[in-house]
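J.:
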Amino acid sequence: MTDFIESFATQQLLPPWEAEKVQSWGFVVRMTERRIRDYLDTYFNGAYPDRAPYHYTPVPDAHFGLLSAVHFGRVASRNKRTASRLGDGKEAWDHLQHTEVYLVFPALRYPVNADNLLAGEPTLVWVEPFIFSDNDSVVFSSREIWGSDMYLGTITRQVGLPRHQLHLDLGTWGTRQFTPRSKAEMVSVLHIRTGGDSPIGLGEIFKQNPHLQPFASILVSSGGFAGEAPDGVPPSPYAGGDELNNLKQFRDCFDMSAAIYRAIVASKTTHTEIKNINLFDTSKVEIAFMWSDGVRQLLTTMFDVEGPNEPGPPPDHGQAAKDGPVTTPDPSFVGPPPAHFPKPTKNTPNVMDWQMDRVVLKAELAFSFRSKARFEVAGTIHSYGQTPD
Amino acid sequence: MIPYTQSVASQEVPPPYHFPGVTVNGFVWEAHLDKVQAYCDRFFNLGDANARGFTYAPAAVWPYAMLLFIDYPVMISTSPTPAAVLDATPYSDRGIVSQREVFVAFPVIRRGIGGARMITDSTLEWALPFIVVNEPNSAVCGREMLGMEKLRALIQTGESSFPGSFRGQVNLPGWPSLRPTAMQQMMLFLDVDTGPTVPTFRGSPDPSSLWTLFRSRAAGDAIDALATTADFIETVSGGTFPTSMQTVSLKQFRDAQDPQKAIYQALVSCRSKYSRIQNFQFYKEDDVQIRFYKRGSFGETLRFIELPPGNPSNDPAVARDAFSPMAAFRFNANIDFDNMRTLHTFAIDRGSKLPPTPSSSDLTAPWLRPWRGLFGSRSS
Numbered sequence: 167m168t169d170f171i172e173s174f175a176t177q178q179l180l181p182p183w184e185a186e187k188v189q190s191w192g193f194v195v196r197m198t199e200r201r202i203r204d205y206l207d208t209y210f211n212g213a214y215p216d217r218a219p220y221h222y223t224p225v226p227d228a229h230f231g232l233l234s235a236v237h238f239g240r241v242a243s244r245n246k247r248t249a250s251r252l253g254d255g256k257e258a259w260d261h262l263q264h265t266e267v268y269l270v271f272p273a274l275r276y277p278v279n280a281d282n283l284l285a286g287e288p289t290l291v292w293v294e295p296f297i298f299s300d301n302d303s304v305v306f307s308s309r310e311i312w313g314s315d316m317y318l319g320t321i322t323r324q325v326g327l328p329r330h331q332l333h334l335d336l337g338t339w340g341t342r343q344f345t346p347r348s349k350a351e352m353v354s355v356l357h358i359r360t361g362g363d364s365p366i367g368l369g370e371i372f373k374q375n376p377h378l379q380p381f382a383s384i385l386v387s388s389g390g391f392a393g394e395a396p397d398g399v400p401p402s403p404y405a406g407g408d409e410l411n412n413l414k415q416f417r418d419c420f421d422m423s424a425a426i427y428r429a430i431v432a433s434k435t436t437h438t439e440i441k442n443i444n445l446f447d448t449s450k451v452e453i454a455f456m457w458s459d460g461v462r463q464l465l466t467t468m469f470d471v472e473g474p475n476e477p478g479p480p481p482d483h484g485q486a487a488k489d490g491p492v493t494t495p496d497p498s499f500v501g502p503p504p505a506h507f508p509k510p511t512k513n514t515p516n517v518m519d520w521q522m523d524r525v526v527l528k529a530e531l532a533f534s535f536r537s538k539a540r541f542e543v544a545g546t547i548h549s550y551g552q553t554p555d
Numbered sequence: 586m587i588p589y590t591q592s593v594a595s596q597e598v599p600p601p602y603h604f605p606g607v608t609v610n611g612f613v614w615e616a617h618l619d620k621v622q623a624y625c626d627r628f629f630n631l632g633d634a635n636a637r638g639f640t641y642a643p644a645a646v647w648p649y650a651m652l653l654f655i656d657y658p659v660m661i662s663t664s665p666t667p668a669a670v671l672d673a674t675p676y677s678d679r680g681i682v683s684q685r686e687v688f689v690a691f692p693v694i695r696r697g698i699g700g701a702r703m704i705t706d707s708t709l710e711w712a713l714p715f716i717v718v719n720e721p722n723s724a725v726c727g728r729e730m731l732g733m734e735k736l737r738a739l740i741q742t743g744e745s746s747f748p749g750s751f752r753g754q755v756n757l758p759g760w761p762s763l764r765p766t767a768m769q770q771m772m773l774f775l776d777v778d779t780g781p782t783v784p785t786f787r788g789s790p791d792p793s794s795l796w797t798l799f800r801s802r803a804a805g806d807a808i809d810a811l812a813t814t815a816d817f818i819e820t821v822s823g824g825t826f827p828t829s830m831q832t833v834s835l836k837q838f839r840d841a842q843d844p845q846k847a848i849y850q851a852l853v854s855c856r857s858k859y860s861r862i863q864n865f866q867f868y869k870e871d872d873v874q875i876r877f878y879k880r881g882s883f884g885e886t887l888r889f890i891e892l893p894p895g896n897p898s899n900d901p902a903v904a905r906d907a908f909s910p911m912a913a914f915r916f917n918a919n920i921d922f923d924n925m926r927t928l929h930t931f932a933i934d935r936g937s938k939l940p941p942t943p944s945s946s947d948l949t950a951p952w953l954r955p956w957r958g959l960f961g962s963r964s965s
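Chains as they are written, first to last, in the numbering used here: chain A, 167 to 555; chain B, 586 to 965.
1) Could you check whether Val-853/B and Gly-732/B sit closer than 7 Å to each other, using their CB atoms as the reference points?
2) Spatial neighbours of Val-543/A within its chain, please: C-beta separation below 6 Å, excluding the five flanking residues on both sides.
3) Cβ atoms of Met-518/A and Pro-481/A: under 7 Å apart, would you say?
4) What residue range is occupied by the uninterrupted beta strand (DSSP E) comprising Cys-855/B?
5) Would Glu-476/A count as contacting chain B if we go by Cβ distances under 7 Å?
6) Counting C-beta neighbours from all protein chains within 10 Å, is the total for Val-325/A 16 or more, i.e. buried, or is it exposed?
7) Val-682/B versus chain A: which residues are under 7 Å apart at the beta carbon?
8) I want to verify the contact list: residues of chain A whose CB lies under 8 Å from the CB of Val-853/B, in sequence order.
9) Helix or strand or just coil, what does DSSP make of Asn-442/A?
10) With a 10 Å radius around its C-beta and 16 neighbouring C-beta atoms as the bar for buried, classify Val-399/A as buried or exposed.
11) Cβ atoms of Ser-662/B and Ser-683/B: under 7 Å apart, would you say?
12) Here's a check: name, in chain order, each residue in its chain whose Cβ is nearer than 7 Å to the Cβ of Phe-306/A, leaving out the five neighbours to either side.
13) For Arg-200/A, count the other beta carbons within 10 Å of its own beta carbon; 16 or more makes it buried, fewer makes it exposed. Which is it?
14) Roughly how many whole angstroms lie between the Cα atoms of Phe-628/B and Leu-835/B?
15) Following the continuous beta strand (DSSP E) through Pro-721/B, name the residue where it begins and the one where it ends.
16) Give me the DSSP bridge partner(s) of Lys-434/A.
17) Which residue spans inside the region 478-513 of chain A form an unbroken alpha helix (DSSP H) run of at least 4?
18) Terminal residues of the continuous beta strand (DSSP E) containing Phe-715/B?
19) Say whether chain B places a C-beta atom closer than 7 Å to the C-beta of Arg-524/A.
20) Return the chain-ordered ranges of every alpha helix (DSSP H) run that is complete within the region 320-393 of chain A and spans a minimum of 4 residues.
21) For Ser-898/B, which three-state DSSP category applies?
22) Report the rounded CA-to-CA distance for Met-352/A versus Asp-281/A, giving the unit in angstroms.
23) Over what stretch of residues does the beta strand (DSSP E) that includes Phe-883/B continue unbroken?
24) Do Ser-234/A and Asp-260/A count as a contact pair if the criterion is CB distance below 7 Å?
25) Cutting at 6 Å between CB atoms, please list the residues of its own chain near Pro-692/B, excluding the five before and the five after it.
26) Have a look at the DSSP bridge pairing and note the partners of Glu-450/A.
27) Let's test the definition: count the other Cβ atoms within 10 Å of the Cβ of Gln-485/A and tell me whether it reaches 16, buried, or not, exposed.
28) Any Cβ of chain A within less than 7 Å of the Cβ of Val-593/B?
29) Is the shortest distance between the beta-carbon of Arg-856/B and the beta-carbons of chain A less than 7 Å?
30) Could you check whether Arg-417/A and Tyr-602/B sit closer than 7 Å to each other, using their CB atoms as the reference points?
31) Does DSSP classify Val-646/B as helix, strand or coil?
32) Among the residues of its own chain, which have a CB less than 6 Å from the CB of Phe-838/B, if the five just before and after it don't count?
33) Below 8 Å, can you find three or more Cβ-Cβ pairs linking the region 851-870 of chain B to the region 328-346 of chain A?
34) Given that a residue counts as buried once 16 or more other Cβ atoms are within 10 Å of its Cβ, and exposed if not, what is Trp-614/B?
35) If you count every other CB in all the chains shown that lies within 10 Å of the CB of Ser-364/A, and 16 or more means buried, which is it?
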């Protein structure tokens, strides 16, 4: 195969990679069958111009998404090439840390035969409509290598909370309101806050919320949640469950509606040494997406909402909304070297614009755990427009 | 054609762009042609020369490298809205973006190989061995659409000690050492400090300075007048700055499972056209100090950029001596970023299970393209 030409700008986090000190928070939220199906049809099931030998459908009775925040305390590539380019013989380099926020939902991937008919039993896979990270290297690697639809965000977590409790805010560079004279700024996208642990166990939660059981079966069987299945949660009826399918695509430089490459990439993230599993009291969990013009289409498409359902920002950020985003003023004068420019304003939620209404989502189930994680690419399962002769 | 599905999460604004009221600070030093040739061979001259049909080489007539700090107060997209998002607000109506960009450029000559191609396919383009931007969506667009090796950086600019001077710094994520356990962190990579623009109270410029060409008031007025009324700045700036930069970049992407292999490689070109150039001023070169910090993983960044010998620095953190450029200037202008096209797609060996993708070319030089469009086929 043709060699990739390495340069300083492609010092990327090459897969496989492993992470230590991983803290995950998961929030199960409702999605709709219609929106899941529309997403799958738009991204995976069309003719581009050829059809993939797969057909993706929503999972019956499991129309939920898993909104997650994960902090990776120490990530290192285990790709042999990463080490060999340094000549030290070791297999770990590119150590970094980052936090990511993403949404995944389960889908069934059916094999399709030459007559375009479903031809076999489905495999359960996960699909990730969006993901944000606060690390540039991770964003470039995820987008360019395994095709994640990842964007750079400012992600802040409040310190001083009780252990495993979370107050997270996500902002990204965008526009609050589309007008020709609007100026891009750091707009808030998401606010999550937990308010205490669940007074009841997992078995009791599922007993009280039987509609969650099909999704819980998938979640537990996927290995991304906990070890043994809790009482009352039957095993998943589907094969698979540990694979994420991404649409990896790149635009043509001249025709922005054309892709020079389009493929479906399968990857796996495996959590090991899972510990400190906690369940949160869902009645005290706040999940609020901020309704800006830049994020509006994402919210409509993912959560089937037509507009904000609560006025103004979350109470935590009411004052920040009134004050406006804190920015680092441009210096009018900087002395000669070694004088340096003032350090940029530290990332806090107050660097984001909160002057927006919000879409509040109900958490159906909320949990956290600590683990180690390993990410690897399983393969490119279909490349469009490149069928064998 | 393979359709691109516009992501609902995307905040990207695709080119072309119009940038009014841009401030440019530029610094020129002598390039080492062997390093430029090495860059061309590594990133542009892939595969067999005859099969490829062209060769890139240094432009010996202008053997200089140029460092530009560009402050874009307003970026307006002039991109047509893709069909996939036609029900959404057009890009041009979504608002503006401000950004800062820093890059090093050197000119390269593309020569067509054999017969008529020597004439029709030969042209001058600019290679960008280093480019950073502070706006994340610009970095993503630059990398994925145009193949530029754009990294995101903290870029800070301001005035240095003297009125009318310039100070600029670039901080990049990097690894402070090449030890396997080194953690990534933000590190200072580039620091530029100038004196005031000439004429200056700090003594006369060197007699060999470009400034001496323009030190008369009449000449200064002529620069402004000519530059404002026509795009003659390329002439009046003594060739230190071109009004139209046609860049060339290697656009490539890794295979997901085997990231040492490529699934796509192509040379992509785009144009930055400067107009309404005003306030063209020179800095006294001896008053300019440029420092590239070479520590840790930054050593790789400077692999193809030969820096002039410098003066010892008093800054203990400096890992590279400071040097003064051959010319330093600043000006204001409007910039149009357009004319994106794929010059040459390299054949890709996709392994034993799939046939290789063929190469294709659209190499006709810009000056010949209107004539070719009139008289000949558009594909080669």
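Every residue gets a Cβ at the ideal spot worked out from N, C-alpha and C, and that includes glycine.
As the structure is a computational prediction, the values presented were derived from the model and not from experiment.
T.: Let me spell this out:
1) Val-853/B is positioned such that its CB atom lies closer than 7 Å to that of Gly-732/B.
2) Cβ within range, chain order: Pro-181, Trp-312, Ser-433.
3) Cβ distance not < 7 Å, so Pro-481/A and Met-518/A don't count as in contact.
4) Taken as a continuous stretch (DSSP letters only), the beta strand (DSSP E) holding Cys-855/B covers 847-868.
5) Chain B contact via Cβ: absent.
6) Burial check for Val-325/A: the Cβ neighbour count within 10 Å stays below 16, so the residue is exposed.
7) Within chain A, the residues whose beta carbon sits less than 7 Å from that of Val-682/B are Ala-350, listed in sequence order.
8) Correct list: Cys-419.
9) Strand, per DSSP.
10) By the neighbour-count rule (16 or more Cβ atoms within 10 Å), Val-399/A is buried.
11) It is not a contact, given that the beta carbons lie outside the stated cut-off.
12) Closer than 7 Å at the Cβ level, and outside the excluded window around Phe-306/A, lie Gln-178.
13) Flag for Arg-200/A reads exposed.
14) Looking at the two C-alpha atoms, the distance is approximately 6 Å.
15) Annotation for Pro-721/B: no beta strand (DSSP E) segment contains it, though the alpha helix (DSSP H) segment containing it runs 721-729.
16) Lys-434/A is bridged to Glu-542/A.
17) Taking 4 residues as the minimum length, the alpha helix (DSSP H) runs contained wholly in the region 478-513 of chain A are 484-489, in order along the chain.
18) Boundaries of the beta strand (DSSP E) harbouring Phe-715/B: 708-718, taken from the DSSP string.
19) For Arg-524/A, not one C-beta of chain B is nearer than 7 Å to its own C-beta.
20) The qualifying runs are 368-374, 379-387.
21) Because the pLDDT of Ser-898/B is 49, which lies under 50, any placement of that residue in the model is unreliable, and the question is left without a value.
22) Their backbone Cα atoms lie some 49 Å apart in a straight line.
23) Phe-883/B -> not in any beta strand (DSSP E); alpha helix (DSSP H) instead, spanning 883-886.
24) Going by C-beta atoms, Asp-260/A is not nearer than 7 Å to Ser-234/A.
25) Taken in chain order, the residues that qualify are Ala-644, Trp-647, Leu-709, Trp-711.
26) Here residue 450/A turns out to be Lys, not Glu, going by the sequence shown. Answer is none; Lys-450/A lacks a bridge partner.
27) With fewer than 16 Cβ atoms within 10 Å of its Cβ, Gln-485/A is classed as exposed.
28) So yes, Val-593/B belongs to the interface.
29) Taking Cβ atoms only, chain A never reaches closer than 7 Å to Arg-856/B, which makes this a no.
30) With respect to Arg-417/A, Tyr-602/B sits apart: the two C-beta atoms are not nearer than 7 Å.
31) Secondary structure at Val-646/B: coil, using DSSP grouped into helix, strand and coil.
32) Exclusion of the five residues before and after Phe-838/B leaves Ile-848, Tyr-849 as the residues of its chain whose Cβ lies within less than 6 Å of its Cβ.
33) Cβ pair count under 8 Å is below three, so no.
34) Buried, since its Cβ has 16 or more Cβ neighbours within 10 Å.
35) By the C-beta density criterion, Ser-364/A is buried, having at least 16 other C-beta atoms within 10 angstroms.
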